[in-house]
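Down below is the structure, laid out as structure tokens.
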Amino acid sequence: MIRMLLTLGVLLALHAGCSNKKAEPRVATKESSKVEKADPQPKEAPITDERAQQALEVMADPQSKTDQGPGLAAMLLVDAWLKQGPDEAARQRTSKALERVIALGSPFMRTRAYGLLADYALPDAERILIAEVENPSRDEHGAAGVALGQVIKDFAQIRDWIRDDQPFHWEAALSMMSTFKTFDKTEQEQRWSERRTLLIELGKRPDLPASVVYGLAEWFELYLDEDPSDAQILQLAERWSKHPDDMAAQQMKKAVYMARINRETR
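In terms of the working numbering, the sequence shown is residues 1 to 266.
And the structure:
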């Protein structure tokens with residue numbers, strides 16, 4: 001059985017103490033014994049196409065750099081708009097507007113646009129995201145790959161990119177593997193084995209950039225968690241743990257260390 005990594009979030013709630021003021025005794029009256037009905041809350045009006053397009057303009061503003069202020073409000077409004085299920089013409093307009101966000105907006109909003117394109121399978125999402133992966137001026141190849149993995153229909157796209165000679169394709173393909181959907185148990189088992197083959201092929205290359213080594217380390221750790229004695233992956237992890245980039249090397253060392261711990265404790 002394939003072991004999947006789960007990320008658990010812990011929410012902490014702090015409650016204030018009660019007031020020290022002594023409550024006055026309450027005398028029941030005919031009026032006070034009646035059950036008071038709360039006024040019904042008015043339903044929130046649906047978001048219009050016009051408001052959504054205005055919000056997309058805010059997202060495209062380069063000053064919308066963080067998840068605070070007008071940028072955050074605009075992003076949430078667009079997300080809510082898409083959840084309403086707009087018609088195909090509106091979805092097309094939204095896709096074009098998100099492409100503009102990607103072209104003009106801050107890196108933060110650019111990556112949020114990637115996610116909206118993928119989460120709602122908007123028209124032209126695959127074309128836009130492939131163009132982002134292949135844009136040499138971008139630093140978000142991994143983020144684009146995560147989104148692209150949600151919309152591609154054929155694993156061959158990942159296989160072809162792992163096996164070509166473009167490092168930005170390698171980085172994106174490693175991310176695409178994590179979000180590409182498989183639909184049945186047999187398919188999952190085949191993908192588990194096929195992914196391993198591709199990871200080993202990539203790890204055997206003579207030179208890898210730091211971003212690719214970092215992504216590869218995360219996959220190596222997953223496969224070594226399944227089989228801590230996987231000799232091929234262990235050998236490659238040890239090799240790339242000597243990468244000149246310290247962060248990439250440390251991530252590989254972590255994969256090797258966790259494999260050793262698992263071998264000793266299982």
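Built from N, CA and C at the ideal position, the CB exists for glycine as well.
Bear in mind that the values here come from a model prediction, so they are computed numbers and not experimental data.
How big is the Cα-Cα spacing for residue 104 and residue 158?
-> To locate residue 104, count along the sequence shown from 1; it is residue 104. To locate residue 158, count along the sequence shown from 1; it is residue 158. Their backbone Cα atoms lie some 28 Å apart in a straight line.
Under three-state DSSP, which class holds residue 9?
-> As a first step, residue 9 must be located in the sequence shown, where it is residue number 9. Since pLDDT at residue 9 reaches only 35, below the 50 mark, its modelled position is unreliable, and the value read off the structure follows with that caveat. In the structure shown, residue 9 sits in coil (DSSP, three-state: anything other than H, G, I, E or B).
By DSSP, does residue 84 sit in helix, in strand, or in coil?
-> Residue numbering aside, residue 84 sits at position 84 when the sequence shown is read from its first letter. Looking at residue 84 - three-state DSSP - the assignment turns out to be coil, as it is neither helix nor strand.
CA-to-CA distance, residue 133 to residue 250, given in whole angstroms = Here the question's residue 250 lines up with position 250 in the sequence shown. Here the question's residue 133 lines up with position 133 in the sequence shown. Using only the alpha carbons, I get a separation of about 26 Å.
Please work out which residues of its chain come closer than 6 Å, Cβ to Cβ, to residue 129, disregarding the five sequence neighbours upstream and downstream, and give them in chain order.
-> What you label residue 129 is simply residue 129 of the sequence shown in a count that begins at 1. Excluding sequence neighbours, residue 129 sits near 144, 147, 148.
For residue 90 versus residue 124, is the C-beta spacing smaller than 7 Å?
-> Along the sequence shown, one-based indexing puts residue 90 at 90. Along the sequence shown, one-based indexing puts residue 124 at 124. No, these two residues do not count as a Cβ contact at 7 Å.
Short check: CB of residue 78 to CB of residue 118, under 7 Å?
-> Walking along the sequence shown from the start, residue 78 turns up at place 78. Walking along the sequence shown from the start, residue 118 turns up at place 118. In this structure, residue 118 does not lie closer than 7 Å to residue 78 by Cβ.
Neighbourhood of residue 171 by C-beta distance below 8 Å, restricted to the same chain and skipping five residues each side = Counting from 1 along the sequence shown, the entry for residue 171 is found at position 171. So the qualifying residues of the chain are 141, 142, 145, 209, 211, 212, 215.
Grab me the residues of residue 93's own chain with a C-beta within less than 8 Å of its C-beta, minus the 5 sequence neighbours each way, in chain order.
-> Here residue 93 is taken as the residue at index 93 of the sequence shown, counted from 1. Contacts found: 49, 53.
Pick out whichever of 243, 245, 69, 217 has its Cα sitting closest to the Cα of residue 233.
-> On the sequence shown, position 233 is the one that residue 233 refers to. Selected option, being the one with the closest Cα: 217.
Go to residue 214, then tell me how far its alpha helix (DSSP H) extends in each direction, as first and last residue.
-> Your numbering for residue 214 matches position 214 in the sequence shown. From DSSP, the alpha helix (DSSP H) with residue 214 extends over 210–226.
Residue burial classification, residue 60 (beta-carbon count within 10 angstroms, cutoff 16) | Here residue 60 refers to the residue found at position 60 when the sequence shown is read from its first residue. Buried is the call here.
On the three-state DSSP scale, how would you describe residue 48?
-> Numbered from 1 along the sequence shown, position 48 holds the residue referred to as residue 48. Residue 48 falls in the coil class under three-state DSSP.
Return helix, strand or coil for residue 181, following the three-state DSSP convention.
-> By one-based count along the sequence shown, residue 181 stands at place 181. Note: residue 181 maps to coil in three-state DSSP.
With burial defined as no fewer than 16 other Cβ atoms inside 10 Å of the residue's Cβ, what is the status of residue 247: buried or exposed?
-> Within the sequence shown, the letter at position 247 stands for residue 247. Exposed, since its Cβ has fewer than 16 Cβ neighbours within 10 Å.
For residue 71, does the count of other Cβ atoms within 10 angstroms reach 16, so buried, or fall short, so exposed?
-> In the sequence shown, the residue the question calls residue 71 occupies position 71. The residue in question, residue 71, is buried, as its Cβ has 16 or more Cβ neighbours within 10 Å.
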